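Chemist:
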Amino acid sequence: MCRRDQTSSLVSYLAPESIDAIMSRYVVIRNQPDPLWRATTVFARVAASAVVIVTLAAFDGAAAQTANQPPDTMAARVEACTPCHGNKGEGTSDVYFPRLAGKPAGYLYNQLLAFRSGRRKYPPMNYLLEFLPDPYLEAMAEYFAGEHPPLPQPTPSEVSKEVLAQGELLATSGDAGRNIPACVSCHGPGLTGMQPGIPGLLGLRAPYISAQLGAWRYGTRTAKSPDCMQLVAGHLTEADVTAVAAWLATRPAPANPAPVPKGTYALPFGCGSQPN
Amino acid sequence: MGSKLSIAFLALAALTGVAQAQDKTSDKPGDIIARGEYLARAGDCTACHTAPEGRLFAGGRAMPTPFGTLYTSNITPDPETGIGKWTADDFYKTMHSGRFPDGGLIYPAMPFASYTKVTRADSDAIFAYLRSIPPVNQKNKPHELRFPYDNRQLILGWRTLFFREGEFKPDPTKSAEWNRGAYLVEGLGHCGMCHSPINALGGTSQSDAFKGGLIPMQNWYAPSLTSNREAGLGDWSIKDITDLLQTGVSARGVVYGPMAEVVHNSLQYLSDEDTRAMAVYLKGISEPSAPPPASSTLPTTESSLLISLGKTVYDKNCASCHGAQGEGKPPHWPPLANNQSIEMQSAVNPIRMVLNGGYPPGTKGNPMPYGMPPFAGILSDNEIAAVVSYIRTAWGNRGTPVSAREANELRSAPLN
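Residue numbers (this note's numbering), protein chains in the order written: chain A, 108 to 383; chain B, 3 to 418.
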């Protein structure tokens with residue numbers, strides 16, 4: 108059932124998983140397990156946890172870095188991402204490239220894995236990630252999740268008031284008769300998402316949201332089963348997509364844009380990206 | 003009755019004793035499987051026989067070719083859909099002769115023209131390893147080849163022209179290390195599959211081995227391994243070569259495109275000794291004197307305009323990593339000055355790198371590589387042509403300018 112679950116059971120707060128816990132679950136290196144790969148994993152784990160330290164060191168007058176080596180930071184390593192996603196993952200003027208900053212690391216990691224395997228199709232991303240190991244993708248996800256550039260000012264919508272109202276209705280209440288859940292039932296009352304796998308929907312432009320809903324409908328974007336967004340998008344009409352995308356893009360930044368902790372609220376139905 | 007039983011027990015005990023003694027003396031089963039796994043990596047079997055997100059060696063990966071799409075086969079030990087009923091003889095025949103156990107002809111997308119050089123002992127080890135992995139019941143997908151290429155008898159013609167069956171023969175005038183390198187490069191490594199020019203019939207002539215060529219369907223240029231003007235390694239140090247092969251980055255340049263896959267799946271797993279042997283061999287086959295590059299087809303005025311715009315584009319977008327003089331910060335930010343990959347006659351690779359950027363593979367030796375941003379969305383065709391012309395001719399580089407049309411054509415090249 109796609110109706111919003113009103114169960115008010117108190118779900119205890121779960122601390123975000125440690126890198127080690129995530130690693131132990133995800134360390135199935137592509138193709139073949141290999142003892143030597145473990146060394147890579149350990150290295151990457153250390154490197155991932157060292158990111159903060161290294162970044163701090165960089166502030167400290169770039170000490171310990173020789174002049175002829177690139178900075179040993181994640182920021183330098185993800186420069187390949189910045190022309191499309193912005194220096195801190197804040198997005199760029201291109202409305203089809205999404206903001207990455209501040210999204211839950213689990214969500215970003217899932218997307219990186221999906222691009223690498225081709226489960227989510229976008230050739231420039233599929234190509235860039237093809238030969239990068241899991242621990243490194245996880246470090247990239249953590250990096251962008253930890254960046255918090257301010258959300259952009261929403262742009263005035265080009266659609267009519269009626270369309271915006273329809274978008275608001277779908278996003279906040281859904282349409283039980285058509286099996287369409289409200290966006291807020293999973294993405295949160297503040298639309299800021301929930302740890303570890305549900306993204307916030309703020310700071311995205313209407314064309315991007317619309318394109319993604321289309322990608323689910325046409326199967327070029329898929330996620331782990333049950334692929335909840337594919338189910339939801341399958342129930343939307345073109346008009347629904349336009350309305351929801353337009354309304355979401357008008358939302359102003361909330362006081363606290365951080366995703367809420369895991370288990371803050373119960374999902375109305377199963378979602379492979381956010382196992383219970 | 004009792005005595006018979008005792009004799010039977012004794013016999014059983016004796017048999018067990020023999021089996022144990024055998025295990026103790028050679029410790030073979032585990033050894034041969036581990037060696038087979040290592041050799042399967044050297045042969046990069048997984049690149050084709052494991053589909054993205056698919057089960058290990060269960061096949062089903064689509065291989066686009068100029069003649070249609072081939073689907074790779076299941077080589078797990080499943081008796082119905084894999085190679086569970088094969089014998090070691092069958093497997094050797096496939097590797098050595100390019101024929102199925104029933105004598106059927108195998109499409110030469112399977113690099114049996116290289117694998118024919120593999121020794122019987124190594125073939126047996128790979129087979130033992132493949133027998134040890136989990137069987138996957140997954141039927142092979144039929145190939146989708148266009149007429150007339152769907153007729154397997156045509157392979158006979160291809161074989162006559164391009165296939166020379168026979169195990170590797172060491173060159174007694176060379177060192178054991180050189181020969182080991184040659185065996186790996188020419189055999190399991192099947193480097194010639196990409197690094198030799200492919201003609202319209204999908205074949206490579208022996209005399210053109212390792213002379214470089216455009217990889218069909220992928221639109222990447224696999225440079226010559228013999229010409230020092232391309233990827234010939236004659237003036238590289240052994241350390242730079244082994245760094246490149248094992249970690250994907252080196253002081254002289256990094257791997258990208260299809261070679262990133264080879265390092266990722268295969269070369270990074272090879273031992274220091276084998277990597278060094280390959281480096282010694284590769285350095286050895288380079289030709290010191292190479293013909294000068296063809297002169298540019300662009301008019302001089304257009305070239306100089308391009309190069310002057312190119313410097314502006316370079317200083318703004320590239321110099322922060324690659325340095326004002328193209329010196330880079332090797333190994334992670336590769337130098338562009340004196341970088342063969344940029345200077346060689348085909349400009350396909352440098353244009354594609356500017357358009358699409360890229361990451362070297364994540365490897366044991368370099369698990370968190372630095373990436374190059376894609377500039378396709380930032381620079382116009384003219385600017386791409388300009389900056390590539392600039393880096394191909396600046397700082398003593400001996401490449402030639404490229405046109406905006408060449409840059410534009412590669413915008414639609416397949417990315418993966």
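Cβ coordinates follow ideal geometry from the N, Cα and C atoms, glycine included.
Predicted, not measured: the structure shown is a model, and the values here were computed from it.
Excluding sequence positions up to five away, which residues of its chain have a Cβ less than 6 angstroms from the Cβ of Tyr229(A)?
Modeler: Correct list: empty, nothing qualifies.
Chemist: Identify whether Tyr94(B) lies in helix, strand or coil by the three-state DSSP scheme.
Modeler: Three-state DSSP puts Tyr94(B) in a helix.
Chemist: With a Cβ-Cβ cutoff of 8 angstroms, do Pro263(A) and Pro366(A) count as a contact?
Modeler: Contact: no.
Chemist: For the segment 106-133 of chain B, list the beta strand (DSSP E) runs that are entirely contained and at least 3 residues long, ordered along the chain.
Modeler: Counting whole runs of 3 or more residues, the segment 106-133 of chain B contains no beta strand (DSSP E) stretch at all.
Chemist: Kindly indicate if chain B contains any beta-carbon less than 8 angstroms away from that of Ser380(A).
Modeler: No, its Cβ sits nowhere closer than 8 angstroms to a Cβ of chain B.
Chemist: Just the Cα atoms here: how many angstroms apart are Arg133(B) and Thr74(B)?
Modeler: Each residue's Cα considered, the two are about 18 angstroms apart.
Chemist: Contact defined as beta carbons within less than 8 angstroms: I believe Tyr185(B) pairs with Ala42(B). What is the distance between those atoms, to the nearest angstrom?
Modeler: Wrong, their Cβ atoms sit about 16 angstroms apart, outside the cutoff.
Chemist: Mind listing the chain B neighbours of Asp201(A)? Cutoff is C-beta to C-beta under 9 angstroms, in chain order.
Modeler: Gly379, listed in chain order.
Chemist: So Leu239(A) contacts chain B; which residues on that side make the cut at Cβ distance below 8 angstroms?
Modeler: Within 8 angstroms Cβ-Cβ: Tyr361, Pro363, Gly364, Pro371.
Chemist: Mind pulling the chain D residues with CB within less than 8 angstroms of Pro376(B)?
Modeler: Within the model displayed, chain D is absent; protein chains A and B are what it includes.
Chemist: Assuming Tyr243(A) is part of the alpha helix (DSSP H), what are its boundary residues?
Modeler: Start and end: 241-252.
Chemist: Under 9 angstroms Cβ-Cβ, which residues of chain A neighbour Ile241(B)?
Modeler: Correcting the residue type first, residue 241(B) is Lys in the shown sequence and not Ile. Those do not exist, as Lys241(B) stays about 17 angstroms from chain A at its closest Cβ, beyond 9 angstroms.
Chemist: What are the boundary residues of the beta strand (DSSP E) that includes Thr67(B)?
Modeler: Unbroken beta strand (DSSP E) run through Thr67(B): 64-67.
Chemist: Determine whether the beta carbon atoms of Phe238(A) and Leu207(A) lie at a separation below 8 angstroms.
Modeler: It is not a contact, given that the beta carbons lie outside the stated cut-off.
Chemist: On the three-state DSSP scale, how would you describe Leu236(A)?
Modeler: In this structure, Leu236(A) counts as helix in the three-state DSSP scheme.
Chemist: For Asn384(B), I'd like the list of residues in its chain whose CB is within less than 6 angstroms of its CB, leaving aside the five on either flank, ordered along the chain.
Modeler: Taken in chain order, the residues that qualify are Ala406.
Chemist: DSSP three-state label for Ser391(B), please.
Modeler: Looking at Ser391(B) - three-state DSSP - the assignment turns out to be helix.
Chemist: Determine the direct distance from the alpha carbon of Ala360(A) to that of Trp222(B), and round the result to whole angstroms.
Modeler: Going from the Cα of Trp222(B) to the Cα of Ala360(A) covers about 45 angstroms.
Chemist: Would you call Leu338(B) buried or exposed, if buried means 16 or more other Cβ atoms sit within 10 Å of its Cβ?
Modeler: The residue is buried, with at least 16 neighbouring Cβ atoms inside 10 Å.
Chemist: Consult DSSP for Asp152(B) and reduce its assignment to one of helix, strand or coil.
Modeler: Of the three classes helix, strand and coil, the one that applies to Asp152(B) here is coil, per DSSP.
Chemist: Tell me which residues share the same chain as Tyr372(A) and place their Cβ nearer than 6 angstroms to its Cβ, disregarding the 5 neighbours each side in the sequence.
Modeler: Same-chain partners within the cutoff: there are none.
Chemist: State the Cα-Cα distance for the pair Leu307(B) and Glu39(B), rounded to the nearest angstrom.
Modeler: Each residue's alpha carbon lies about 54 angstroms from the other.
Chemist: Using a C-beta cutoff of 8 angstroms, does Pro177(A) count as contacting chain B?
Modeler: Yes - at least one Cβ of chain B is within 8 angstroms of the one on Pro177(A).
Chemist: Beta-carbon within less than 6 angstroms of His266(B)'s beta-carbon, same chain only, minus the 5 sequence neighbours each way: which residues are those?
Modeler: So the list reads Pro363, once near-sequence residues are dropped.
Chemist: Which of helix, strand or coil does DSSP assign to Tyr361(B)?
Modeler: Coil, per DSSP.
Chemist: Run through the segment 141-191 of chain B for me and flag every whole alpha helix (DSSP H) of 4 or more residues, listed as ranges in chain order.
Modeler: Here the runs fully enclosed are 156-164, 178-188.
Chemist: Rounded to the nearest angstrom, what separates Gln172(A) and Pro178(A) at their Cα positions?
Modeler: Because the pLDDT at Gln172(A) is just 48, under 50, the model does not fix this residue reliably, and the value given afterwards should be weighed accordingly. Answer to the nearest angstrom: the Cα atoms are 7 angstroms apart.
Chemist: DSSP three-state call for Ala208(A): helix, strand or coil?
Modeler: Here Ala208(A) sits in coil by DSSP.
Chemist: How many Å lie between Gly297(A) and Phe376(A) at the Cα?
Modeler: Their Cα atoms are separated by approximately 19 angstroms.
Chemist: Can a CB atom of chain B be found closer than 8 angstroms to the CB of Pro242(A)?
Modeler: Pro242(A) counts as touching chain B.
Chemist: List the DSSP bridge partners of Thr52(B).
Modeler: Answer is Gly61(B).
Chemist: List, in order along the chain, the chain B residues whose C-beta lies closer than 9 angstroms to that of Ala51(A)?
Modeler: This structure leaves residue 51(A) out entirely; chain A is present only between 108 and 383.
Chemist: Do Lys195(A) and Glu254(A) have their beta-carbon atoms positioned less than 8 angstroms apart in this structure?
Modeler: Yes, the pair counts as a contact, with Cβ atoms nearer than the cut-off.
Chemist: Excluding the 5 residues preceding and the 5 following Asn399(B) in the sequence, name in chain order all residues of the same chain whose CB lies nearer than 6 angstroms to its CB.
Modeler: Only Glu345 meet the Cβ criterion.
Chemist: Along the chain, where does the alpha helix (DSSP H) containing Tyr283(B) start, and where does it finish?
Modeler: First-last of the alpha helix (DSSP H) with Tyr283(B): 274-287.
Chemist: Just to confirm the assignment, what range does the alpha helix (DSSP H) spanning Tyr73(B) have?
Modeler: That residue, Tyr73(B), is in no alpha helix (DSSP H); its beta strand (DSSP E) goes 70-73.
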